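J.: In terms of the working numbering, the sequence shown opens at residue 2 and continues consecutively.
Beta carbons are placed, not taken as given, at the ideal position from N, Cα and C, and that holds for glycine.
If you're wondering where the values come from, they're calculated on a predicted model, not measured in any experiment.
Starting off with a structure, shown below.
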Amino acid sequence: MKRYLVTGGAGFIGSHLCEALLAGGNGVYVLDDQSTGHRHNLAHLFGNRELRFIPGSITDAPTLSRLVGTAHHVIHLAAAVGVKYILENPLESILTNVVGTERVLQACREFEKPLFLASTSEVYGLQTHAPLRETDYSVIGATSVSRWSYACSKALDEFMALAFHHQGAFPVTIARFFNTVGPRQSPAYGMVMPRLVDQAIRDQPMTVYGDGTQTRTFTHVADCTAAILGLLAHPEAAGEVYNIGGTQEISILQLANMIKLQAESASEIQLLPYDKVYNSNFEDMPRRVPDISKLRKAIGFTPTMSLERIITDVISDRRAALVA
Ligand code: UDP
């Protein structure tokens, strides 16, 4: 039996991944400080004896060392998440991403354990090329715009991890997650899908930021999990960076209309200028679409869920969460 250490395993993506790893007959250690993840995301799995939940931080080097030493493979998902959360906790977010990841990398080096590193489409920054390829330049904005600290810190994580890989210290695979959505994603950290769905269910104004023409693609967490498992099982992925994302590009205004229709909501759609939501220093990406041909070629990945199906899933998850 293979044992995985999943940092951030009590988070939204982490909890789905742990579920899939356990279903595949693996053992799972979860290290999570519950800053944005929660123990209850794993509650349905606590009956499985192969799951161990260790509350704690990736900056706790002795705990990390003990866990990395006994695991066969490390999956590093622990990171600050959500634009809103990052803007409200900029220093903590940078330190988690830089100091925390450095400790994870040092522990992997000590025990020569392979690492899967979760990164983000945020590293492309203001790059306007579409679709975005893994080799495209990062276009990071000014340091006075706090949002870019996240992109910069995750890019640094990638540089550090690839440097260890190229030194022959341990194999590293990196995935850049594009907007990933689905059951158990909290609206608390600013993500658009659960926020708009909650507003629609409650017949409250649906807040579309800016003029709503900015576009994204959305991946169901089940597809994202399948892609991670595919990469874990693909030894040639070591030393490589892969986009994981959806292919159906949609503007946020169109998304709000789809959600309103599918939730049969009486909500109004309200356009809110960015400076009313964040501050005058906020910058958004006008367009973010992944090129997933590298991932497709490596593991045959194609997203299976349509946007309509994804929205249906999120609506039923949020309806259940709101009555609970
Ligand atoms: N957004 C929005 N209303 C919300 C939350 C977000 O219009 O209540 C917009 C946000 O400005 C961005 C897009 O939706 O253009 C996606 O936001 P999210 O924070 O989910 O992810 P991002 O792609 O910005 O990392």
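1. Are VAL105 and ALA72 touching if we call contact CB-CB under 9 Å?
2. DSSP beta-bridge partners for THR8?
3. So, under 8 Å CB-CB, VAL124 and ARG177 are touching, yes? Tell me the CB distance rounded to an integer number of Å.
4. In chain order, what residues of the same chain have a beta carbon less than 7 Å from the beta carbon of GLY26, not counting five sequence neighbours either side?
5. Under 8 Å by Cβ, that's how I've got VAL140 and LEU127 pegged, so tell me the actual separation to the nearest angstrom.
6. Suppose contacts are defined by Cβ-Cβ distances below 9 Å. Is ILE311 in contact with MET194 by that definition?
7. So SER94 and SER150 are supposed to be a Cβ contact under 8 Å. How far apart are they, rounded?
8. According to the Cβ coordinates, are LEU43 and SER66 closer than 9 Å?
9. Evaluate LYS155 with the Cβ neighbour count: other Cβ atoms within 10 Å of its Cβ, from every protein chain shown; 16 or more gives buried, anything less gives exposed.
10. VAL173 by DSSP, collapsed to three states: which one?
11. Where do the ends of the alpha helix (DSSP H) carrying GLN255 lie?
12. Suppose you measure from the CA of CYS109 to the CA of CYS19; what does that come to, to the nearest Å?
13. Please report the straight-line C-alpha distance between PHE47 and GLU135, rounded to a whole angstrom.
14. My output table needs one value for SER120: the three-state DSSP class, helix, strand or coil.
15. I'd like to check one pair, GLN215 with PRO287: are the Cβ atoms closer than 9 Å?
16. Under the rule that 16 or more other beta-carbon atoms within 10 Å means buried, what is HIS167, buried or exposed?
17. Restricting to Cα atoms, I'd like to know which of GLY28, ALA21, PHE13 and GLY12 is closest to TYR5.
18. Which whole-angstrom value is the C-beta distance of GLU269 and PRO172, which I expect to be below 8 Å?
19. According to DSSP, is GLN107 helix, strand or coil?
20. Under the criterion of a Cβ to heavy atom distance below 8 Å, does ARG196 qualify as lining the ligand UDP?
21. DSSP three-state label for MET161, please.
22. Assuming LYS85 and TYR190 are in contact, meaning their beta carbons sit under 8 Å apart, how far apart are those beta carbons, in whole angstroms?
23. Could you tell me the distance, in whole angstroms, from the CA atom of PHE112 to the CA atom of ARG297?
24. Between PRO274, HIS221, GLY231 and GLY142, which lies nearest to GLY213 when the distance is taken from Cα to Cα?
25. Can you pull the DSSP bridge partners for TYR243?
26. For ILE260 and LYS114, I'd like the C-alpha separation in whole angstroms.
27. Cβ-heavy atom distance between GLU269 and the ligand UDP below 8 Å?
28. What residue from GLY38, THR8 and GLY9 has the CA that sits closest to SER187's CA?
29. Using only alpha-carbon positions, find the residue among HIS41, LEU230 and ALA152 that is nearest to PHE302.
30. What do you get for SER317, buried or exposed, if any count of 16 or more other CB atoms within 10 angstroms of its CB means buried?
T.: By the coordinates alone:
1. What you label residue 105 is simply residue 104 of the sequence shown in a count that begins at 1. What you label residue 72 is simply residue 71 of the sequence shown in a count that begins at 1. Not closer than 9 Å, so no.
2. On the sequence shown, position 7 is the one that residue 8 refers to. Paired residue(s): LEU32 and HIS77.
3. In the sequence shown, the residue the question calls residue 124 occupies position 123. In the sequence shown, the residue the question calls residue 177 occupies position 176. Sure, about 6 Å apart at Cβ, within 8 Å.
4. Working through the sequence shown from its first residue, we reach residue 26 at position 25. Within the same chain, GLY26 has close Cβ partners MET2.
5. Here residue 140 is taken as the residue at index 139 of the sequence shown, counted from 1. Here residue 127 is taken as the residue at index 126 of the sequence shown, counted from 1. The pair is a contact, with the Cβ atoms about 4 Å apart (cut-off 8 Å).
6. For this step, residue 311 is matched to residue 310 along the sequence shown. For this step, residue 194 is matched to residue 193 along the sequence shown. For ILE311 and MET194, yes; Cβs fall inside 9 Å.
7. Position 93 of the sequence shown, counted from the start, is the residue given in the question as residue 94. Position 149 of the sequence shown, counted from the start, is the residue given in the question as residue 150. Yes, they are in contact, since the Cβ atoms of SER94 and SER150 sit about 7 Å apart, within 8 Å.
8. Stepping through the sequence shown from its first residue, residue 43 is reached at position 42. Stepping through the sequence shown from its first residue, residue 66 is reached at position 65. No, Cβ-Cβ distance for LEU43 and SER66 is not below 9 Å.
9. One-based indexing of the sequence shown puts residue 155 at position 154. The residue is buried, with at least 16 neighbouring Cβ atoms inside 10 Å.
10. Sequence index remark: in the sequence shown, residue 173 carries index 172 (1-based). VAL173 falls in the strand class under three-state DSSP.
11. As a first step, residue 255 must be located in the sequence shown, where it is residue number 254. GLN255 -> alpha helix (DSSP H) spans 253-263.
12. Here residue 109 corresponds to residue number 108 of the sequence shown, with the count starting at 1. Here residue 19 corresponds to residue number 18 of the sequence shown, with the count starting at 1. CYS109 and CYS19: Cα-Cα distance of roughly 20 Å.
13. Numbered from its first residue, the sequence shown carries residue 47 at position 46. Numbered from its first residue, the sequence shown carries residue 135 at position 134. One C-alpha to the other measures close to 37 Å.
14. By one-based count along the sequence shown, residue 120 stands at place 119. Looking at SER120 - three-state DSSP - the assignment turns out to be strand.
15. If you number the sequence shown from 1, residue 287 lands on position 286. If you number the sequence shown from 1, residue 215 lands on position 214. Yes.
16. Here residue 167 refers to the residue found at position 166 when the sequence shown is read from its first residue. Looking at its Cβ environment, which holds fewer than 16 other Cβ atoms inside 10 Å, HIS167 is exposed.
17. Here residue 5 refers to the residue found at position 4 when the sequence shown is read from its first residue. If we check each option's Cα against that of TYR5, GLY28 comes out closest.
18. Taking the sequence shown and counting its residues from 1, one reaches residue 269 at position 268. Taking the sequence shown and counting its residues from 1, one reaches residue 172 at position 171. No, GLU269 and PRO172 are not in contact; Cβ-Cβ is about 52 Å, not under 8 Å.
19. Indexing the sequence shown from 1 puts residue 107 at position 106. Here GLN107 sits in helix by DSSP.
20. The residue given as residue 196 occupies position 195 in the sequence shown. Flag set: Cβ of ARG196 near the ligand UDP.
21. Working through the sequence shown from its first residue, we reach residue 161 at position 160. Reduced to three states, the DSSP call for MET161 is helix.
22. Your numbering for residue 85 matches position 84 in the sequence shown. Your numbering for residue 190 matches position 189 in the sequence shown. Right, the Cβ-Cβ distance comes to about 5 Å (below 8 Å), so this counts as a contact.
23. Here residue 112 refers to the residue found at position 111 when the sequence shown is read from its first residue. Here residue 297 refers to the residue found at position 296 when the sequence shown is read from its first residue. Computed Cα separation, rounded: 31 Å.
24. Indexing the sequence shown from 1 puts residue 213 at position 212. Of the candidates PRO274, HIS221, GLY231 and GLY142, the one whose C-alpha sits nearest the C-alpha of GLY213 is PRO274.
25. Reading the sequence shown from its first residue, position 242 is the one you call residue 243. Answer by DSSP bridge pairing, in chain order: ALA176.
26. On the sequence shown, residue 260 is found 259 positions in, with the first residue counted as 1. On the sequence shown, residue 114 is found 113 positions in, with the first residue counted as 1. Taking the straight line from one Cα to the other gives about 43 Å.
27. Within the sequence shown, residue 269 is the residue found at index 268, counting from 1. No - the ligand UDP has no heavy atom lying nearer than 8 Å to the Cβ of GLU269.
28. On the sequence shown, residue 187 is found 186 positions in, with the first residue counted as 1. The option with the nearest alpha carbon to SER187 is GLY38.
29. As a working mapping, residue 302 is identified with position 301 in the sequence shown. Residue LEU230 is the option with its Cα nearest to PHE302.
30. Here residue 317 corresponds to residue number 316 of the sequence shown, with the count starting at 1. SER317 comes out exposed.
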